[in-house]
Structures are given as structure tokens and as C-alpha cells.
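Heads up, the thing below is written out as C-alpha cells.
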Amino acid sequence: MNDHTFSPESQMMSFGYKPELSEGSIKCPIFQTSTFCFKKAEDGKAFFEVAYGKREKNADEELGLIYSRLNNPNLQITENRLSLWDGAEDAAIFESGMGAISSMLMEFTKPGDLVLYSMPVYGGTDHFITKVLPKFGIQSIGVTPFEDKTAVLEKLEKSGMKDKLSFIYLETPANPTNSLVDIGMFREIADQIKSEEQPIYIGVDNTYMGPVWQHPLQLGADMVIYSATKYIGGHSDLVAGACLGSAELMKRVKGFRTFMGNMAGPHTGWLLMRSLETLKIRMEKQALNAELVAQFLNDHPKVEKVYYLGNLKESDGRQYEIFKKQCLSNGAMISFDIKGGEKAAFRFLNAMKLIKLAVSLGSTESLAEHPATMTHSDVDYDLRQAMSITEKMVRISIGVEDAKDIIWDINQALEKV
Ligand SMILES: *Cc1c(COP(=O)(O)O)cnc(C)c1O
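Here my numbering is used: the first residue of the sequence shown is 241, the next is one more, and so on.
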């Protein structure tokens, strides 16, 4: 009876927080402070030795806090709680998803290296990999969900940079098409190519699924990253990001973060703590709603195609196999092609009454947008066409409203098309 382990959702209200250190307050207060008092100089010395990696922490040592760019209770407790969902050893919270993505990529690559990435990726990530990394002498190669192991290896061989590969960056399901890539396949590729001098790390953007519906660390990834602005924050009232993985890798990520100074502030950490308490119940409701919305869209005469994980069938072959292997839910993100192109898509978006016309996703309210001219407008045109991100596509993030109201709204807006 004593070896019971609580589920993550049962621990989100209490894990890592000691009320006795905060006047018994049931909730963790906001530690809105820049710096922390040391009891004595020897303590300050000891805390810095460990924080700057000069020595390992002793087994029985209780480390204190130093300065809010290095650590803060609102960040540390949130990091500990977030780690539970993915079974990660540690996490690093950033002031945005892009902060987490850029810091992870910068920490694990150096000039001359090659990054392999799945396409499409989030517009900001695409920009960072293809336009910012080259300034630091880091090249990249993109691969589509249609390329299998042999095709990817051939592509690497042809590039003449195979031995320079140091990072594989994956986004699955991909925004906005819900296309999937096989994390395990990229693990095999990494293990086949890596060497003593050139380790290869795999990072997966799990924003679309998580952290409840997919666990990349258990599927072969070294690190998982989130735009915590989306499901984790879940209320459209904050911007944040996270990177999770082994203690060893997170030490490096946090070290980099200390000097980039892009950690989240105490207030963001506190808001995330509030959000984590309802994470699972929100996501479950969103997935249930999405199923009903997808059913409605599937049968609508003005809708040409629906991009929804729940629509995958055995006849979809590899996409279906990857889905079965990696995803625990159909998710709550739906894209669909409206007959009539951009004009029809815009008419639909402008006619919505309940659903808000905005980018971002994973929030309590349903949001819709037009990827080709908004979130993905910066992605190369030909690539967009090849990936089905065309003028007729609308993306909807399903919220926690009553499903019949969401469907009513979609129905009346489609009538105006
Ligand atoms: C929003 C988003 C990001 C970027 O996160 P920010 O918090 O906006 O910096 C990265 N990846 C995906 C899949 C996203 O949806």
C-alpha cells in the first residue's frame, strides 16, 4: 500500500512546494524578487560553486536560491511539475517557446555543423533554422514526412555534410497539417551516424500534443520542447516555453539560459503553475470537442479536406502506423480546406461569431486563422504548396466551450461562404 505513485494530474497542486516555507499558504505565492538573502557568506560561496558547475552538489546538501536569472521558486517548482508529465529528469522554462527552441539549438550546435529538420515546422522555427543559424555557420537540411530512412540517409550522403550532423529537430504532429514523422526512425539514423567526436541530439517540438498526449522522450528523443504559450499555459494570457530532458542535458540548457538571460520571470512561472492544475481536464475536453467538430466538417459539402489525426485510417499507411505508435489522442487541432480558396477562407473567418480570429492555439477559447497568410506566410512558397499549406486552408484550435456552440458557429460561418 505504500508504494503508490500519484498520477501527474494529482500532483499538480502540491508537488515541489512546501507551505511551511510560505506562512502555510496553500498556494505557492509569487516570489517577485530579483535576489535572495544568504544566511552566511559560506552559503553564498557553496551555492555559486554548484550553480556555476565548479563542483557537484553533495547528496545531503540543501541548496539555497541566488538570483532570479539563475533560479526562482516559481520557475523551479513549475519545472519540477512540468517534468512529471513527460517523465523527464529536469526542465528549463523560458520566456517564450522560441526562447526554448533557439537556446536548445544554439547550445548543441557549433559553426560548421549541420542540422536536420522535419518540414513543415512552426514559422518562427523555420526562420531561426534557415535564416538565423546560417549567420553562425550552421547549415540545415529539411526532410518531409514522405521521406523514409533510406531517402533521408541518401539526402545526408549527397549533402557531403553527413559527418557534420549534430542536431535533428523534429515537429510532430506538424503545425498546421497534422502530418507526422517517426521519432524512432530518426533515432536510428542518429545512432547510425554519430561518432565519439560528433554526438547527435534529437529535439522534438511537442507543442501540438502535449505534454499529455505524446511523450517524445519515451519514443527516442533526447529533448522535448514546448511553446508553453499553447496548451500548457492554456488561457491566452502568457507567453512561455520549455525544454525537458535528462539532468545532464538540462544542465547545459540551463547554463546557456543563464547567460542568454531568457528565463521566464516569477509571474510567468506562477501563471504556469496555475495552468498546470487544469492541464489534463482542459486537454481532454478540447479533444472531445474536436472529435465532434471534425465529424461535422467531414460531412460538410463546402469543405474539401479535413486535416485531423482522428481521420487517419489503416489505408493511410505509414502516417497511421506512426500515429498508433506515438500519439495517445487525436488532439484538438483541426485544419481544413474550404472550397473557393482564399476568398472563401477569409469570408468564413470574418463571419465567425464565437470563435476568435487569432493565431496561437491550445487555449480555453477556440481560435481560427489562415496559415498561408498568417502563421506560415514566411515559409518558402513552393514548400508551402508541397506541404498542402495553401490559400484554401483554415486552422482551428478547439477550445473548451460547449461543442454544439462551436459547431453552430462553424456552420453559420460556412453558410456565408
Ligand atoms: C507557438 C509555437 C512555437 C513558438 O512559441 P512561442 O511561445 O510563440 O515563442 C513553436 N512551436 C509551435 C508548434 C508553436 O505552435
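Positions of the beta carbon are idealized from the N, C-alpha and C atoms, including for glycine.
Everything numeric in this text was worked out from a predicted model, so none of it was measured.
Threshold first: 3 residues or longer. Then list the beta strand (DSSP E) segments lying entirely within the stretch 357-385, N to C. 379-383
Which first and last residues belong to the alpha helix (DSSP H) in which V290 is found? 281-291
Between the CA atoms of P451 and M344 - distance to the nearest angstrom: 18 angstroms
Buried or exposed, going by whether 16 or more other CB atoms sit within 10 Å of the CB of F621? Residue identity check: residue 621 is Tyr in the sequence provided, not Phe. Exposed, by the Cβ-count rule.
Between K525 and chain C, is there a C-beta pair that is closer than 7 angstroms? In the structure shown, chain C cannot be found, because there is only a single protein chain.
Check whether the Cβ atoms of K402 and L410 lie closer than 7 angstroms to each other. no
Go ahead and label Y362 buried or exposed: buried means 16 or more other beta carbons lie within 10 angstroms of its beta carbon, across all protein chains shown. buried
Closest to I433 by C-alpha separation, out of C483, R295, E394, N314, would be which residue? E394
T469: beta carbon under 6 angstroms from a heavy atom of ligand 1? yes
Which same chain residues end up closer than 6 angstroms to G581 when comparing Cβ atoms and leaving out the 5 residues on each side of it in sequence? E631, K632
Nearest by alpha-carbon distance to N312: which of M503, G364, K656 is it? M503
Integer-rounded CB distance, given that G473 should sit under 8 angstroms from A482: That belief does not hold up - the Cβ atoms of A482 and G473 are roughly 10 angstroms apart, past 8 angstroms.
In the DSSP assignment, find the unbroken alpha helix (DSSP H) run with S515 in it and report its ends. 506-516
Residue ranges of each beta strand (DSSP E) run of no fewer than 3 residues wholly in the stretch 551-623, ordered along the chain? 573-578, 607-609
Using 8 angstroms as the Cβ pair cut-off and three pairs as the minimum, do the stretch 414-425 and the stretch 563-579 touch? yes
Under the assumption that A608 contacts M592 (Cβ atoms under 8 angstroms), give the Cβ distance between them as a whole number of angstroms. 6 angstroms
At a cut-off of 6 angstroms, would you count Y357 as near ligand 1, judging by its Cβ distance to the nearest heavy atom? no
Any heavy atom of ligand 1 closer than 6 angstroms to the beta-carbon of T417? no
Given 6 angstroms as the limit, tell me if T508 has its C-beta closer than that to any heavy atom belonging to ligand 1. no
Assuming T498 contacts R624 (C-beta within less than 8 angstroms), just tell me the rounded distance between them. Actually they do not touch by this definition, with Cβ atoms about 37 angstroms apart.
Does the distance between the C-beta of T447 and the nearest non-hydrogen atom of ligand 1 fall short of 6 angstroms? yes
State the CB to CB distance for the pair H610 and A585, rounded to an integer number of angstroms; the pair is presumed to be in contact (CB under 8 angstroms). 6 angstroms
In angstroms, rounded to a whole number, what distance separates the CA positions of D353 and S399? 12 angstroms
Using the beta-carbon count (16 or more within 10 Å), is A468 buried or exposed? buried
Is any heavy atom in ligand 1 found nearer than 6 angstroms to the beta carbon of M338? yes
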